[in-house]
Ligand code: SME
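Residue numbers (full-length UniProt numbering): 1 to 151.
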């Protein structure tokens, strides 16, 4: 499915008044993982209150041991500090990387802003090298803008 086809489906899930927020986010993770062939793990991490750490939220894909990530650690922890998208074409080239699964070759993390504050992120792993382009960045920015409306 194309990003343009997925966008209204994302909005439908997030505006469904019958589901709670975490269920909506989980459905979005599954929608993306199931319909974009190079999205092998899709999840949200959120800032843990006032602590400088991220907590794993809803996700689709293999369970990960990395349910808590300190700010600054790994790709996710770096995005918590930088407030910028982070696209990693080849995770093997990254010193500050947390491996969740040996099959993962590339990763993209896009921060989630609510009222201008970085409250979390969407994280996608791919088992294909160099999987992500600026089209993924723009699509995931759209997803996060829609998700931010729930906060
Ligand atoms: N690879 C991430 C950790 C999260 S897993 O991909 C689910 C990182 O380096 O922060």
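Just so you know, even glycine gets a beta-carbon here, dropped at the ideal spot from N, CA and C. Computed from a prediction, not measured in an experiment: that's the story for all the values here.
Beta carbon of residue i nearer than 7 Å to that of residue j
| i | j | result |
| --- | --- | --- |
| residue 100 | residue 66 | yes |
| residue 123 | residue 104 | no |
| residue 146 | residue 42 | no |
| residue 71 | residue 77 | yes |
| residue 114 | residue 151 | yes |
| residue 97 | residue 120 | no |
| residue 57 | residue 46 | yes |
Extent of the continuous alpha helix (DSSP H) to which residue i belongs
| i | result |
| --- | --- |
| residue 106 | Looking at the DSSP string, residue 106 is not in any alpha helix (DSSP H); the run it does join, the beta strand (DSSP E), is 106-114. |
| residue 74 | 74-82 |
Residue i: first and last residue of the uninterrupted beta strand (DSSP E) it sits in
| i | result |
| --- | --- |
| residue 20 | Taken as a continuous stretch (DSSP letters only), residue 20 belongs to no beta strand (DSSP E), as it is neither H nor E. |
| residue 69 | 68-70 |
| residue 47 | 41-47 |
Residue i classed as buried or exposed, judged by whether at least 16 other C-beta atoms fall within 10 angstroms
| i | result |
| --- | --- |
| residue 116 | exposed |
| residue 8 | exposed |
| residue 63 | exposed |
| residue 22 | exposed |
| residue 20 | exposed |
| residue 107 | buried |
| residue 16 | exposed |
| residue 49 | exposed |
| residue 69 | buried |
| residue 26 | buried |
| residue 140 | buried |
| residue 83 | exposed |
| residue 14 | buried |
| residue 92 | exposed |
| residue 81 | exposed |
Residue i (DSSP reduced to helix, strand or coil)
| i | result |
| --- | --- |
| residue 63 | coil |
| residue 3 | helix |
| residue 9 | helix |
Please give the ranges of any alpha helix (DSSP H) in the segment 86-150, keeping only runs that are unbroken, at least 4 residues long and fully inside the region.
If we require 4 residues or more, the alpha helix (DSSP H) runs fully inside the segment 86-150 come out as 134-148.
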